[in-house]
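Q: Questions regarding the structure given below will be posed in turn.
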Amino acid sequence: MKKTLYLKFMLAYFIFGVFCFIAVTVFVPNMTRERLIKEKAEALYSEATLISNTYASGLYTSETDLETVKTQLDALAVYLNSTIRIINPSGRLVLETQKPLNVEEVVIIDNFDPTAMGGSYYMVNTFFDTYSSNVLTVLAPITSNYMVKGYVAIHCDLGTIEASCNGLLRISYITLAIIMMLSVIILIFFTEIVYVPLRKITFATEQYAQGNMHYEFQVDSDDEIGYLAACLNYMAKQIAGTEDDQKKFVANVSHDFRSPLTSIRGFLEAMLDGTIPPEKHEHYLNIVLNETERLTKLTNGLLTLNNLNTKGMMLNRTDFNINDVIRATAASFEATCRSKTIAISLVLTGEEMYVNADLEKIQQVLYNLIDNAIKFSHHDSVICVETSLKKNKLFISVKDTGIGIPKEDQKFIWDRFYKSDSSRGKDKKGTGLGLSIVKEIINCHNEHINVVSTEGVGSEFIFSLPLSKKSSEED
Ligand code: ADP
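Numbering of the sequence shown is given in our numbering, commencing with residue 923 and proceeding in unit increments.
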C-alpha cells in the first residue's frame, strides 16, 4: 500500500480546502457586494421616488421654492449619507445637496442621458464623469401632467457599501477557517477508523505471505474492516493448524516407516554377519515378513486416505444387499476367529436389506471394524454385528466384549496414526489408520459413526447408511 491511500486522502482534503478557499474568496465577495449594492439601490430608489413625488414635483408646480427644497434635501442627504441632485431632462443641474445654491451659475452635465440606465433603476459608474471614481446612482423621474420635468438622482459613495461588505466577508472567512478546522476531525476519523486498521491488515498479510502464519493482530471495531481482520486472523489460524497437522502427519509417517525398516535391516544384517545362527533364520525371517506386511498395510492405508481426500465425494454409489456384504466380510475372518476361538454373531434385519452406498468402501468399513473388534477381544468371546432400521436409515453396529477404550482416548481414535498405549503393546501390526479411513468413508456418504465403549467391558461402533429407494418404498 505504501501510504498511497493516506496520501490520496490528504490530496483530496487539500483539493477540498483549495476549492473552499476559491469559492469563499472569489465568488462570495462578488455575490455579497452585488447583493449589498442592490439592497442599497432599492432603498435609495424608494427615497428618490418619494422625493420626486413630494418636494421635487412641488418645485416644478411652483408650490415650493428652491430654497426650502434644498434645505429639506440637505437634511435628507445627511441622513442617507449620500448626495441628492435634481437635474433637468436637458442635463442642467437644478440643485445639489451639500453645495451652496447659486441660481446664476448654470451647471450642465455633459452627455446626460437617462436612457443610459437601460431597464435598471440604478447604475454604478462615474455618473457621466461628474465623479472621479465609481458611485452608486439611482435615478427617479419627476413627472407632472404626464410629462417628465426632471430627475431626482441620489449618489452614494461605494466606500460605505465596501465597508459593510468587508464586515460580512470577514464572517465568511472565519466560517471557512472553522469548517477547515472541523474537517480535520474527518481526517482524524479516517486515520483511526480506516487507515490504521488497514495498515495492520496489510502488515499481517505481508507476514502471512512470508509464511509466518502464527502472526496475530487485533483490530477492535465491529464494522466491515473489523470483520475482514477477524476473517483474516481465522484464515491464518486455520492454515497454521493445517500446516501443524501436515508436519505431525509427516513425522508420524516417517516414524511408522522407520521402525519396521530399522528392525528388518537389523535382523537381515545379523543373519548375514552370523550373529543370528542359521537354525534361527526361519524365526527371524517370519518377523521380517510380519514387518513387511505392516509396511504394506501402512502404504495401502495411506493411499486409501489420500484417494478419499483427493476424490472427496467421488463415490461409486450402487444399491446392494448389505446383509450379503456383512456375511461375506464376517466369513473372511473365519481363520482368525478360529485361532482366537471367537464367534461372530450376525443379527440382521430382513432377508435382504438394500442400501445405497459405495459397496467396496462399505466393505472396507466393515472389515476395519470387525478386524479391530477381533484384535481387541479376549479369547473365547463373541462379536455381534447387528442391523436395525430407523427413519429410512439402516444402523449397523459392530460390538465386542474386549478391552474397551479409555474415556480420555475416545476422542482421539479417529485421528490418523492414533493408537492407544495399551493397543501398542497388544497389537504391533496396527497402523492407527483404520478408524480414520472408516470415518472418512462414512463422512463421504454424509452419514455418521459413533462409538460407545467402556474400558474393560467392550466397545460398540455404530454407523448409519441410507436405504436404497427400493427398500424405503417397501418400508
Ligand atoms: P489400528 O490399526 O491401530 O487398529 P485404528 O485406527 O483402527 O488403528 O484404531 C485406533 C485405536 O483405537 C486402536 O489403536 C485402539 O486403541 C482403539 N480401538 C479401535 N477399535 C477398538 C476396539 N474394538 N476395542 C478397543 N480399542 C479399539
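Note that beta-carbon positions come from the ideal geometry of N, C-alpha and C, so glycine has one too. These figures come from a predicted structure and were not determined experimentally.
So the candidates are Tyr977, Leu1002 and Thr986; which of them puts its Cα closest to the Cα of Ala963?
A: The residue labelled residue 963 in the question sits at position 41 within the sequence shown. Distance check between Ala963 and each of Tyr977, Leu1002 and Thr986 places Leu1002 closest, using alpha-carbon atoms only.
Q: I'd like to know if the stretch 1088-1104 and the stretch 986-997 are in contact, where contact means that at least 3 CB-CB pairs between them fall below 8 Å.
A: no
Q: Between the beta-carbon of Ala1250 and the beta-carbon of Cys1259, is there less than 8 Å?
A: For the purposes of this step, residue 1250 is taken as residue 328 along the sequence shown, with counting starting at 1. For the purposes of this step, residue 1259 is taken as residue 337 along the sequence shown, with counting starting at 1. Not closer than 8 Å, so no.
Q: Where DSSP assigns a beta bridge to Arg1014, which residues make up the other side?
A: Sequence index remark: in the sequence shown, residue 1014 carries index 92 (1-based). Ile1030, per the DSSP bridge assignment.
Q: Kindly examine ligand 1 and report whether one of its heavy atoms sits closer than 7 Å to the Cβ of Ser1342.
A: The residue given as residue 1342 occupies position 420 in the sequence shown. At least one heavy atom of ligand 1 is nearer than 7 Å to the Cβ of Ser1342, so yes.
Q: Measuring only the C-alpha atoms, how far is Leu1080 from Val946?
A: In the sequence shown, counting from the first residue as 1, residue 1080 sits at position 158. In the sequence shown, counting from the first residue as 1, residue 946 sits at position 24. Their Cα atoms are separated by approximately 21 Å.
Q: Beta-carbon within less than 7 Å of His1300's beta-carbon, same chain only, minus the 5 sequence neighbours each way: which residues are those?
A: Counting from 1 along the sequence shown, the entry for residue 1300 is found at position 378. Closer than 7 Å at the Cβ level, and outside the excluded window around His1300, lie Gly1324.
Q: Can we count Asn1290 as close to ligand 1, meaning its CB is less than 7 Å from some heavy atom?
A: Stepping through the sequence shown from its first residue, residue 1290 is reached at position 368. Checking every heavy atom of ligand 1 against the Cβ of Asn1290, one is found closer than 7 Å.
Q: Can you tell me whether Asp1178 is buried or exposed, with buried defined as 16 or more other CB within 10 angstroms of its CB?
A: In the sequence shown, the residue the question calls residue 1178 occupies position 256. So Asp1178 counts as buried.
Q: Give the DSSP-derived three-state secondary structure of Thr1124 in the structure shown.
A: Taking the sequence shown and counting its residues from 1, one reaches residue 1124 at position 202. Helix.
Q: Considering only residues of the same chain and omitting the five flanking positions on each side of Val948, which have a CB-CB separation below 7 Å?
A: The residue given as residue 948 occupies position 26 in the sequence shown. Nothing meets the Cβ criterion.
Q: Going by beta-carbon coordinates alone, are Leu1104 and His1077 separated by less than 8 Å?
A: As a working mapping, residue 1104 is identified with position 182 in the sequence shown. As a working mapping, residue 1077 is identified with position 155 in the sequence shown. No, the pair does not count as a contact, with Cβ atoms beyond the cut-off.
Q: Measuring only the C-alpha atoms, how far is Gly1347 from Ser1310?
A: Counting from one through the sequence shown, the residue named residue 1347 turns up at place 425. Counting from one through the sequence shown, the residue named residue 1310 turns up at place 388. Caution applies to Gly1347, whose pLDDT of 48 falls short of 50 and renders its modelled position unreliable; the value that the coordinates give is listed next. If you take the alpha carbons of Gly1347 and Ser1310, they lie about 35 Å apart.
Q: Ends of the alpha helix (DSSP H) at Asn1290?
A: Counted from its first residue, the sequence shown places residue 1290 at position 368. Counting along the chain, the alpha helix (DSSP H) containing Asn1290 begins and ends at Leu1281 to Lys1297.
Q: For a test of the three-state rule: what should DSSP assign to Phe1179, helix, strand or coil?
A: Position 257 of the sequence shown holds residue 1179. If DSSP states are grouped into helix, strand and coil, Phe1179 belongs with the helices.
Q: If you measure from the CB of Thr1353, is any heavy atom of ligand 1 nearer than 7 Å?
A: Residue numbering aside, residue 1353 sits at position 431 when the sequence shown is read from its first letter. At least one heavy atom of ligand 1 is nearer than 7 Å to the Cβ of Thr1353, so yes.
Q: What are the uninterrupted segments assigned as alpha helix (DSSP H) that are 4 or more residues long and contained completely in the stretch 981-1005, given in chain order?
A: 988-1002
Q: Is there contact between the stretch 935-943 and the stretch 1024-1032, where contact requires at least three CB pairs shorter than 8 Å?
A: Contact fails: fewer than three Cβ-Cβ distances are below 8 Å.
Q: Alpha carbon to alpha carbon, how far is Gln1168 from Val1304? Give it in angstroms, no decimals.
A: In the sequence shown, counting from the first residue as 1, residue 1304 sits at position 382. In the sequence shown, counting from the first residue as 1, residue 1168 sits at position 246. Spanning the two alpha carbons is a distance of roughly 39 Å.
Q: For the candidate residues Asn1243, Arg1338, His1370 and Ser1319, whose alpha-carbon lies nearest to that of Lys1391?
A: Position 469 of the sequence shown, counted from the start, is the residue given in the question as residue 1391. Of Asn1243, Arg1338, His1370 and Ser1319, the smallest CA-CA separation from Lys1391 is found for Asn1243.
Q: I'd like to confirm something about Ile1384: is its beta-carbon nearer than 7 Å to some heavy atom of ligand 1, or not?
A: In the sequence shown, counting from the first residue as 1, residue 1384 sits at position 462. Ile1384: no, Cβ never under 7 Å from ligand 1.
Q: Specify, as a first and last residue, the run of the beta strand (DSSP E) that Phe1383 falls within.
A: Within the sequence shown, the letter at position 461 stands for residue 1383. Counting along the chain, the beta strand (DSSP E) containing Phe1383 begins and ends at Gly1380 to Pro1388.
Q: Excluding the five sequence neighbours on either side, which residues of its own chain have a C-beta within less than 6 Å of the C-beta of Gly910, listed in chain order?
A: Residue coverage of the chain in this structure runs from 923 to 1397, which leaves residue 910 outside it and unanswerable.
Q: DSSP state of Tyr1276, grouped into three classes?
A: Numbered from its first residue, the sequence shown carries residue 1276 at position 354. If DSSP states are grouped into helix, strand and coil, Tyr1276 belongs with the strands.
Q: Starting from Glu1308, trace the beta strand (DSSP E) both ways and give me its first and last residue.
A: Looking up residue 1308 in the sequence shown gives position 386. From DSSP, the beta strand (DSSP E) with Glu1308 extends over Val1304 to Lys1312.
Q: For the putative contact between Ile1009 and Leu1015, defined by C-beta atoms under 8 Å, what is the C-beta separation to the nearest angstrom?
A: Position 87 of the sequence shown, counted from the start, is the residue given in the question as residue 1009. Position 93 of the sequence shown, counted from the start, is the residue given in the question as residue 1015. The Cβ separation is near 6 Å, so the contact holds.
Q: Within the same chain, show all residues whose beta-carbon is closer than 8 Å to that of Val1247, passing over the 5 residues directly before and after it, in chain order.
A: Mapped onto the sequence shown, residue 1247 falls at position 325. So the list reads Leu1281, Ile1284, Gln1285 and Leu1288, once near-sequence residues are dropped.
Q: Check each candidate in Arg1121, Leu1316, Asp1032 and Leu927 and name the one with the smallest Cα separation from Val1141.
A: Translated into positions along the sequence shown, residue 1141 becomes position 219. Residue nearest to Val1141 within the set Arg1121, Leu1316, Asp1032 and Leu927 is Arg1121 (criterion: CA-CA distance).
Q: Less than 7 Å between the CB of Asn1294 and some heavy atom of ligand 1, yes or no?
A: What you label residue 1294 is simply residue 372 of the sequence shown in a count that begins at 1. Correct: Asn1294 has its Cβ closer than 7 Å to ligand 1.
Q: Could you please give me the residues that DSSP links to Arg1007 through a beta bridge?
A: Residue numbering aside, residue 1007 sits at position 85 when the sequence shown is read from its first letter. Beta-bridge partners assigned by DSSP to Arg1007: Glu1018 and Ala1075.
Q: Is the beta carbon of Leu1357 within less than 7 Å of some heavy atom of ligand 1?
A: What you label residue 1357 is simply residue 435 of the sequence shown in a count that begins at 1. The answer is yes for Leu1357.
Q: Which partner residues does Lys1321 have in the DSSP bridge list?
A: Position 399 of the sequence shown holds residue 1321. Looking at the DSSP assignment, Lys1321 forms a beta bridge with Cys1306 and Glu1382.
Q: For Ser1386 and Glu1362, I'd like the C-alpha separation in whole angstroms.
A: The residue labelled residue 1386 in the question sits at position 464 within the sequence shown. The residue labelled residue 1362 in the question sits at position 440 within the sequence shown. Going from the Cα of Ser1386 to the Cα of Glu1362 covers about 13 Å.
Q: In or out: Glu1213 buried (at least 16 other Cβ within 10 Å) or exposed?
A: Looking up residue 1213 in the sequence shown gives position 291. That one is buried.
Q: Note down the Cα distance separating Glu1330 from Glu1377, rounded to an integer number of angstroms.
A: For the purposes of this step, residue 1330 is taken as the residue at position 408 of the sequence shown. For the purposes of this step, residue 1377 is taken as the residue at position 455 of the sequence shown. Distance between the alpha carbons of Glu1330 and Glu1377: 10 Å.
Q: For Leu1061 versus Tyr1073, is the C-beta spacing smaller than 8 Å?
A: For the purposes of this step, residue 1061 is taken as residue 139 along the sequence shown, with counting starting at 1. For the purposes of this step, residue 1073 is taken as residue 151 along the sequence shown, with counting starting at 1. Yes, the Cβ-Cβ distance between Leu1061 and Tyr1073 is below 8 Å.
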